[in-house]
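Going by our numbering, the first residue of the sequence shown is number 3, and it counts up by one from there. Some notes on the structure that comes next.
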Amino acid sequence: MSGPASVAVLGSGVVALSAAIAFRRALPAAWVILVERPGDPRSLLDRIGAATLAIDGFHRAIGLDRELFIRRTGAVAIHRVTLNGEPLGAPGAIPHVEGVALHQLWLRNLAERPDSTPRWAALTTPGAEPFGVRFDMPAYAALLAEMAAALGIARGAAEDADLLLDCTVPGADWVSEPLPSLIAEPIAPGGAEGETLAIRDGGVDWQAPPWGWQLTRGAGLPPGRHPKPRSGRTIALGEAALVAESFDGHALSAAHADILRAIALMPHAEPSAREASEYNRRTGIAHRRVLDWARARWSASPSDDLADLRAGFAARGRIPYRDGDPVTPGEWVGWWLATGVRPARIDPTARALPTDQLIRIVENNR
Numbered sequence: 003m004s005g006p007a008s009v010a011v012l013g014s015g016v017v018a019l020s021a022a023i024a025f026r027r028a029l030p031a032a033w034v035i036l037v038e039r040p041g042d043p044r045s046l047l048d049r050i051g052a053a054t055l056a057i058d059g060f061h062r063a064i065g066l067d068r069e070l071f072i073r074r075t076g077a078v079a080i081h082r083v084t085l086n087g088e089p090l091g092a093p094g095a096i097p098h099v100e101g102v103a104l105h106q107l108w109l110r111n112l113a114e115r116p117d118s119t120p121r122w123a124a125l126t127t128p129g130a131e132p133f134g135v136r137f138d139m140p141a142y143a144a145l146l147a148e149m150a151a152a153l154g155i156a157r158g159a160a161e162d163a164d165l166l167l168d169c170t171v172p173g174a175d176w177v178s179e180p181l182p183s184l185i186a187e188p189i190a191p192g193g194a195e196g197e198t199l200a201i202r203d204g205g206v207d208w209q210a211p212p213w214g215w216q217l218t219r220g221a222g223l224p225p226g227r228h229p230k231p232r233s234g235r236t237i238a239l240g241e242a243a244l245v246a247e248s249f250d251g252h253a254l255s256a257a258h259a260d261i262l263r264a265i266a267l268m269p270h271a272e273p274s275a276r277e278a279s280e281y282n283r284r285t286g287i288a289h290r291r292v293l294d295w296a297r298a299r300w301s302a303s304p305s306d307d308l309a310d311l312r313a314g315f316a317a318r319g320r321i322p323y324r325d326g327d328p329v330t331p332g333e334w335v336g337w338w339l340a341t342g343v344r345p346a347r348i349d350p351t352a353r354a355l356p357t358d359q360l361i362r363i364v365e366n367n368r
């Protein structure tokens, strides 16, 4: 069977534009039309210019030059993040020394030499990958709109398209999560270098100069996910599939990942139940992981998976591999150590090194 000959994209925000461009690139012979829907004022995706480093991979897939993205949106990579004054550790892979996870050596040093142990973030900062990318969201939307026009993506009505990409808002089948419903307003950024997060009872002040946002609990979109984002000829993307803002860019990156996954599992004109099931299985795993991350960030009641992950870290500082987790082990370790979680026991691998070697490792990595 052939792929879809026509694709209609419902929406008007960055996810709709991204999806239209990506499917136009993937299906050069298909008719791709953007069916504009008014943007929801409660949307966070269209207000906050933030993404993880995965945005670079998405831009390569749609042919958006990195330098053009930076020039048009003022995009900057964030290398330093502080949470209520406490620096967060690097977000990438957990560093290892002599085959031992660096944070395990740090925990041992903290237990044995508390007065001579630097903050965890001080050991992971040098040469670490950025926490993500921050940019001007309206400028990004304008850039994507120009790309869509240059690719010949028309605007009109959905009619009888073979494939419908719904990039609007949550529908009736929504599975809600115990997370705050948020609204976002711009605020004047502080002058601190890097990004700062100040969490309070009502929300968070998120500043990544030259941008600043205030997230507060209010009448935002309901946090949660679509149980079956692909059904028949329709695929839900963006906030029609997942609402889980965790104030660091994972929300937009999850939407981009869903678009690329939908293309990788390219639906036929008459998709089979197996194809839809596989897309929903993979997407469901990724969405649950992002929601776990949001729960951890907002101190919401944990899912069973998150409770197990946290319990394992609290016991021995281990972060087991989780299939489809877009959150890196380094992000989990950095968050929990910065929020005061200390494992009850030092991992035995960290005790295998002689004390003098441990001291040299800590001193050389700070």
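Built from N, CA and C at the ideal position, the CB exists for glycine as well.
C-beta atoms of residue i and residue j nearer than 7 Å
{"i": "LEU293", "j": "ASN111", "result": "no"}
{"i": "LEU47", "j": "ALA340", "result": "no"}
{"i": "THR351", "j": "PRO93", "result": "no"}
{"i": "GLY319", "j": "ASP358", "result": "no"}
{"i": "PRO6", "j": "LEU165", "result": "yes"}
{"i": "GLY326", "j": "ILE287", "result": "yes"}
{"i": "HIS289", "j": "LEU244", "result": "yes"}
{"i": "LEU184", "j": "LEU217", "result": "yes"}
{"i": "GLU52", "j": "ARG136", "result": "For the sequence presented, residue 52 should be read as Ala rather than Glu. Yes, they are a contact pair."}
{"i": "ALA150", "j": "ILE23", "result": "yes"}
{"i": "THR75", "j": "ASP138", "result": "yes"}
{"i": "ARG39", "j": "GLY13", "result": "yes"}
{"i": "GLY91", "j": "THR126", "result": "yes"}
Cβ distance (whole Å) where residue i is taken to contact residue j below 8 Å
{"i": "VAL16", "j": "ALA143", "result": "5 Å"}
{"i": "ILE155", "j": "LEU36", "result": "6 Å"}
{"i": "CYS169", "j": "LEU262", "result": "Contact flag wrong, Cβ pair sits at about 15 Å."}
{"i": "ARG227", "j": "ALA278", "result": "Actually they are not in contact, since the Cβ atoms of ARG227 and ALA278 sit about 16 Å apart, beyond 8 Å."}
{"i": "SER255", "j": "THR54", "result": "4 Å"}
{"i": "VAL335", "j": "GLY196", "result": "Not a contact, Cβ separation roughly 19 Å."}
{"i": "ALA163", "j": "ILE50", "result": "Wrong, their Cβ atoms sit about 30 Å apart, outside the cutoff."}
{"i": "HIS81", "j": "PRO132", "result": "5 Å"}
{"i": "ALA242", "j": "GLY158", "result": "At roughly 20 Å, the Cβ-Cβ gap does not stay under 8 Å, so ALA242 and GLY158 are not in contact."}
{"i": "LEU181", "j": "TRP300", "result": "6 Å"}
{"i": "VAL34", "j": "ARG26", "result": "5 Å"}
Residue i burial status per 10 Å Cβ neighbour count (16 or more: buried)
{"i": "TYR281", "result": "buried"}
{"i": "SER178", "result": "exposed"}
{"i": "HIS258", "result": "buried"}
{"i": "ASP250", "result": "buried"}
{"i": "GLY134", "result": "buried"}
{"i": "VAL369", "result": "It is not possible to answer for residue 369, since the shown part of the chain is limited to 3 through 368."}
{"i": "ALA152", "result": "exposed"}
{"i": "HIS105", "result": "buried"}
{"i": "HIS98", "result": "exposed"}
{"i": "ALA246", "result": "buried"}
{"i": "ALA298", "result": "buried"}
{"i": "GLU333", "result": "buried"}
{"i": "VAL11", "result": "buried"}
{"i": "ARG344", "result": "exposed"}
{"i": "LEU308", "result": "buried"}
{"i": "GLY205", "result": "buried"}
{"i": "MET3", "result": "Note on MET3: pLDDT 42, under 50, position unreliable in the model; the coordinate value appears next. With fewer than 16 other Cβ atoms within 10 Å, it is exposed."}
{"i": "ASP260", "result": "buried"}
One or two residues paired with residue i in a DSSP bridge
{"i": "GLU88", "result": "LEU85"}
{"i": "LEU244", "result": "ARG227"}
{"i": "TRP215", "result": "PRO188, TRP208"}
{"i": "HIS98", "result": "ALA103"}
{"i": "VAL11", "result": "LEU36, LEU167"}
{"i": "THR119", "result": "None, per the DSSP bridge assignment."}
{"i": "SER178", "result": "GLY226"}
{"i": "ARG136", "result": "ALA52, VAL78"}
CB contact check: residue i to chain B, cutoff 7 Å
{"i": "GLY286", "result": "Of the protein chains in the structure, only one exists, and it is not chain B."}
DSSP state of residue i mapped onto helix, strand, coil
{"i": "VAL343", "result": "coil"}
{"i": "LEU199", "result": "strand"}
{"i": "VAL17", "result": "helix"}
{"i": "VAL292", "result": "helix"}
{"i": "ALA264", "result": "helix"}
{"i": "THR236", "result": "strand"}
{"i": "VAL329", "result": "coil"}
{"i": "ARG44", "result": "coil"}
{"i": "MET3", "result": "At MET3 the pLDDT is 42, less than 50, meaning the model places this residue with poor confidence and gives no usable figure here."}
{"i": "ALA221", "result": "coil"}
{"i": "ILE80", "result": "strand"}
{"i": "GLY129", "result": "coil"}
{"i": "ALA194", "result": "coil"}
{"i": "ARG297", "result": "helix"}
{"i": "ARG157", "result": "strand"}
{"i": "ALA152", "result": "helix"}
{"i": "GLY371", "result": "Nothing can be reported for residue 371, as the shown portion of the chain is limited to 3 through 368."}
{"i": "TYR142", "result": "helix"}
{"i": "ARG320", "result": "coil"}
{"i": "GLY65", "result": "coil"}
{"i": "ILE348", "result": "coil"}
{"i": "GLY173", "result": "coil"}
{"i": "LEU355", "result": "coil"}
Closer than 6 Å: residue i CB and nearest the ligand FAD heavy atom
{"i": "TRP334", "result": "This structure simply doesn't include the ligand FAD, nor any ligand for that matter."}
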